[in-house]
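Step one of this worksheet: look at the structure below.
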Amino acid sequence: MKNLLNYQSSEYDCGPVTLTNAMRYLFDREVLYPDIIKYIMLYCLDSYNEKGEIGKLGTSASAMMFLANWMNQFGKMKNFPVACEFLSGDDVYISQDSKILCALQQGGVVVLRLYLEVAHYVLLTGIEGDSLYIFDPYYEEEDDPEFDAEYYDPGITFINDQPKRANRLISIEKLNRTTKNFYEMGPYDIREAVIIFNTDTRLLPENTIDYFI
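By numbering that gives the first Met the number 0, the letter at position 152 of the sequence shown is numbered 151, and the numbering carries on one by one without gaps.
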């Protein structure tokens, strides 16, 4: 059985929550090893803020890279069908032949670092025309008096009826921008992403559909 996707519990834990959501999206609850959840929580929230407080600058690229490598080795040792690839810099771009788009077409997910006032991790789960399905672990309600006006950008659509898949639909054009507004990836030198597959359900390239317009 697939679980509902989770929201973060604090202002800082978008990284571990999004990695856990990737596992929830790709695998049934009954087959997930507790080791995976344990190590996600152990190695994330590793960044220090300017006051030297651990975790209050969220999760670093180094931790994401380490966990991607750890899950690859775990999959080999346990014969568990997980495969990951860490991307950075110019590789983190969405286009017809990009690794990110190809991964989504093949049934994978992408843990993506972008901006939501500050650096923030979300989960990419699918494609619809020139937009991507995203699960953002930062909970918001559109009727909240403090709801930020920047969510009304034309490239952002809220989804309220797919709790196991997505709560936003974001245009690819907006995601690709090099600025730091809501749901934009920002400058190339700070971009990062982790592609994750369930290798038992991954589609071969010849079986994929070209969704991109």
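We treat Cβ as the ideally placed atom computed from N, Cα and C, and that holds for glycine.
Own chain, CB closer than 7 Å to residue i, minus 5 neighbours either side, in chain order
| i | result |
| --- | --- |
| Asn71 | Ala82 and Cys83 |
Residues bridged to residue i [DSSP beta-bridge criterion]
| i | result |
| --- | --- |
| Cys83 | Ile195 |
| Val16 | Beta-bridge pairing links Val16 to no other residue. |
| Glu127 | Ser130 |
| Glu183 | Tyr114 |
| Tyr215 | This structure does not reach residue 215, given that the chain is present from 0 up to 212, and the question cannot be answered. |
| Ala25 | First, the amino acid is wrong: residue 25 is Leu here, not Ala. Leu25 is not bridged to any residue. |
| Leu122 | Val110 and Phe134 |
| Tyr47 | Ile53 |
DSSP three-state assignment for residue i, whether helix, strand or coil
| i | result |
| --- | --- |
| Phe157 | strand |
| Val30 | helix |
| Leu3 | coil |
| Ser170 | strand |
| Leu103 | helix |
Cutoff 8 Å; reference residue i; Cβ partners in own chain excluding five residues on either side
| i | result |
| --- | --- |
| Pro15 | Ile39, Met40, Cys43, Leu44 and Thr58 |
| Phe181 | Tyr114, Leu115, Glu116, Asp147, Glu149, Tyr150, Asp152 and Ile155 |
| Glu140 | Phe146 |
| Ile36 | Thr19 and Met22 |
| Ile99 | Leu86, Val91, Tyr92, Ile93, Val109, Leu111, Leu123, Ala192 and Ile194 |
Beta-carbon proximity check, residue i vs residue j, cutoff 8 Å
| i | j | result |
| --- | --- | --- |
| Arg28 | Leu4 | no |
| Ala192 | Val109 | yes |
| Glu127 | Gly154 | no |
| Ser97 | Ala60 | no |
| Ala165 | Thr124 | yes |
| Asn159 | Ile93 | no |
| Asp129 | Ser170 | yes |
| Lys1 | Lys163 | yes |
Cβ neighbours of residue i in the same chain (closer than 6 Å, five flanking residues each side left out)
| i | result |
| --- | --- |
| Ser46 | Leu56, Gly57 and Ser59 |
| Gly51 | none |
| Tyr187 | Gly88 and Asp89 |
| Gly106 | Thr200, Arg201 and Leu202 |
| Asn68 | none |
Assumed close pair residue i, residue j - CB separation to whole angstroms, cut-off 8 Å
| i | j | result |
| --- | --- | --- |
| Met64 | Phe85 | 5 Å |
| Tyr11 | Gly54 | 6 Å |
Heavy atom of the ligand NAD within 7 Å of residue i beta-carbon
| i | result |
| --- | --- |
| Asp199 | By its list of ligands, the structure shown contains no ligand whatsoever, and the ligand NAD lies outside what it can speak to. |
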